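Remarks on the structure that follows.
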Amino acid sequence: MDAADVKPMSLSGNLLYLVWAYVPESWLFSLGLTYWPQKYWAVALPVYLLVTIGIAYVLLFGINMMSTAPLNSTHTITDNYAKNQQQKKYQEEAIPALRDIPISEVNRTFFLGDGSN
Amino acid sequence: MEEREDCIALQCRQYSASCREFSVRCQPVQLRSLSAATCSVWLAAYWLFVLTQNSMVLSAAIFITLIGLIVYLHFVKIDQESLLVIASLGIQMTSSYASGKENTTFIEMSRVKDVVINEAIYMQKVIYYLCILLRDPLDPQSVSEVVPLFQSSKPRLDCLVEVYRSCQEILEQRKTVSQTL
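In the order they appear, the protein sequences are chains A and B.
Just so you know, the first sequence maps onto residues 1 to 117 in the numbering used here.
Just so you know, the second sequence maps onto residues 118 to 298 in the numbering used here.
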């Protein structure tokens with residue numbers, strides 16, 4: 001975060017914005033630079049930006065809530081990758097292969113305390 | 118069997134070896150909250166009347182309170198949800214509303230694959246809920262639909278585990294029945 005990090009493009013952009021916002025129109029006209037946007041926008045654009053950022057927080061929150069699968073959808077249980085997975089053969093004395101365990105099996109292990117497999 | 122500050126009581130009844138019923142009863146409508154809601158609506162209406170000097174506001178408030186109460190009791194407030202599991206026949210879910218209305222859904226046993234406890238994200242929380250997995254007629258191994266149970270009372274895990282264990286005992290019986298046939 002030193003002054004050497006500031007890029008020349010962004011610095012000149014900032015300077016141009018400040019010059020346009022603060023220097024009175026008559027001075028700019030006298031220099032011959034007449035085709036500027038209205039000075040109204042020097043205040044309006046930052047306000048628009050801040051309001052957009054505020055709304056974006058709420059919007060993102062809402063989009064997240066909308067994308068969550070409802071309680072009655074099968075996406076809470078399985079998906080395409082789990083349905084099309086390969087069944088590897090069980091080998092004695094080897095660590096079992098990684099796979100997506102069906103929910104009935106998981107439930108039985110957790111809640112019924114079945115020691116099988 | 119268990120009480121929570123905002124709900125619920127579970128009752129398990131065994132009618133026969135292959136038939137059980139689980140009822141979850143929610144807290145009934147409290148006089149306290151009813152009076153609070155009515156008073157706030159009427160105070161707001163009186164304040165509007167003072168502002169506008171229009172007496173229609175008061176009659177409108179009374180009307181709204183009555184209609185709102187009737188709609189709430191008949192369409193929103195669920196008193197009791199029950200699950201009836203019959204091993205050879207099917208599973209029946211009943212919701213009874215505070216006004217006495219009852220909604221019943223029946224699922225026959227050939228469509229039922231399993232009854233499981235699933236976890237899912239619900240309103241910035243992760244909850245456990247009991248659900249029925251329905252079989253896909255084209256592919257017996259895959260799940261075509263998920264039917265969540267006890268949606269308005271939303272019991273917690275300890276209550277769900279009891280119901281789950283009981284249900285699994287009943288569902289085991291349909292396997293032995295189908296193997297002996």
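We treat Cβ as the ideally placed atom computed from N, Cα and C, and that holds for glycine.
All values derive from a computational prediction rather than experimental measurement.
B/Met210, enclosing beta strand (DSSP E) - first and last residue: For B/Met210, the uninterrupted beta strand (DSSP E) segment begins and ends at Gly207 to Tyr214.
Beta-bridge pairing of B/Asp231 - partner residues as DSSP gives them: In the DSSP assignment, B/Asp231 is bridged to B/Leu250.
Three-state class that DSSP yields for B/Tyr245 in the structure shown: Three-state DSSP puts B/Tyr245 in a strand.
Reduced DSSP category for B/Cys143 - H, G, I as helix; E, B as strand; rest coil: DSSP, reduced to helix, strand and coil, places B/Cys143 outside both helices and strands of the structure shown, so it counts as coil.
Per-residue burial, B/Thr221 [other beta carbons within 10 Å of its own, 16 or more giving buried]: Exposed: under 16 other Cβ atoms inside 10 Å.
Alpha-carbon spacing of B/Thr211 relative to B/His191, whole angstroms: Their Cα atoms are separated by approximately 15 Å.
Closer than 8 Å to chain A by CB, B/Asp231: Chain A contact via Cβ: present.
Interface residues of the region 78 to 108 of chain A facing chain B [CB-CB below 7 Å]: When CB distances to chain B are screened at a threshold of 7 Å, the residues of the region 78 to 108 of chain A falling below it are Thr78, Lys83, Ile103, Ser104 and Asn107, in chain order.
Chain B residues whose Cβ lies nearer than 9 Å to that of A/Leu112: Near A/Leu112 (Cβ distances below 9 Å), the residues of chain B are Tyr281, Arg282 and Gln285.
Inter-stretch contact (C-beta, 8 Å, three-pair minimum) for the region 98 to 114 of chain A and the region 275 to 292 of chain B: Yes, the region 98 to 114 of chain A touches the region 275 to 292 of chain B.
For B/Arg252 and B/Ala177, the rounded distance between their alpha carbons: Near 51 Å, if we compare the C-alpha coordinates of B/Arg252 and B/Ala177.
Same chain, Cβ closer than 6 Å to B/Leu201, five either side skipped, listed in chain order: Same-chain partners within the cutoff: Glu138 and Gln209.
Near-chain A residues of the region 211 to 227 of chain B (beta-carbon distance less than 8 Å), N- to C-terminal order: Cβ contacts with chain A: none found.
Proximity test, Cβ basis, 8 Å: A/Asn118 and chain B: The shown model of chain A, from 1 to 117, leaves out residue 118 of chain A, and the question about it has no answer.
Boundaries of the alpha helix (DSSP H) in which B/Val188 is found, first to last residue: For B/Val188, the uninterrupted alpha helix (DSSP H) segment begins and ends at Met173 to Val188.
Beta-carbon spacing of B/Arg142, B/Ala126 below 8 Å: The answer is yes: Cβ separation under 8 Å.
Neighbourhood of B/Ala134 by C-beta distance below 8 Å, restricted to the same chain and skipping five residues each side: Counting only Cβ-Cβ distances below 8 Å, and skipping sequence neighbours, we find Gln290.
Contact under 8 Å by Cβ, A/Asn72 with B/Val233: No, the pair does not count as a contact, with Cβ atoms beyond the cut-off.
As assigned by DSSP and simplified to three states, the class of B/Tyr132: DSSP places B/Tyr132 within a strand segment (E or B) once states are collapsed to three.
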